[in-house]
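Numbered continuously in the UniProt record's numbering, the sequence shown closes out at residue 71.
The beta carbon of each residue, even a glycine, is placed where N, CA and C say it ideally should be.
Just so we're clear, the structure is a prediction, and the values are computed from it rather than from any experiment.
This report concerns only the one structure given below.
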Amino acid sequence: MSINAAISHLKNMPLDKLSNKPSDCFILDKKRGTFTLKDIYKPYWEKDFFREMVKDRVEFALKRYFKDCKN
1 MSINAAISHL KNMPLDKLSN KPSDCFILDK KRGTFTLKDI YKPYWEKDFF
51 REMVKDRVEF ALKRYFKDCK N
């Protein structure tokens, strides 16, 4: 898979489903090609503890995602 195909997949699948709704934490701007945290969550991101929790969750989700892709 090319990097462009991977980027397209991420924008159209997981990122599209995680963003742009009032209850979501992220904003996906497809025209600019950016995926950003909503302003209300930015103070939390500055805390090391919060970033570590997010890192752990992302690593877990990625491992599960790629494990499922192999099956």
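DSSP places S23 outside both helix and strand once states are collapsed to three, so it counts as coil.
The C-alpha of M13 lies about 27 angstroms from the C-alpha of P43. C-alpha of I7 to C-alpha of K63: approximately 18 angstroms in a straight line.
Within its own chain, no residue has a Cβ closer than 7 angstroms to the Cβ of S23 once the five positions on either side in sequence are excluded. Residues of the same chain with a CB within less than 7 angstroms of the CB of I27, apart from the 5 flanking positions on each side, are S19, N20, T36 and K38 in chain order.
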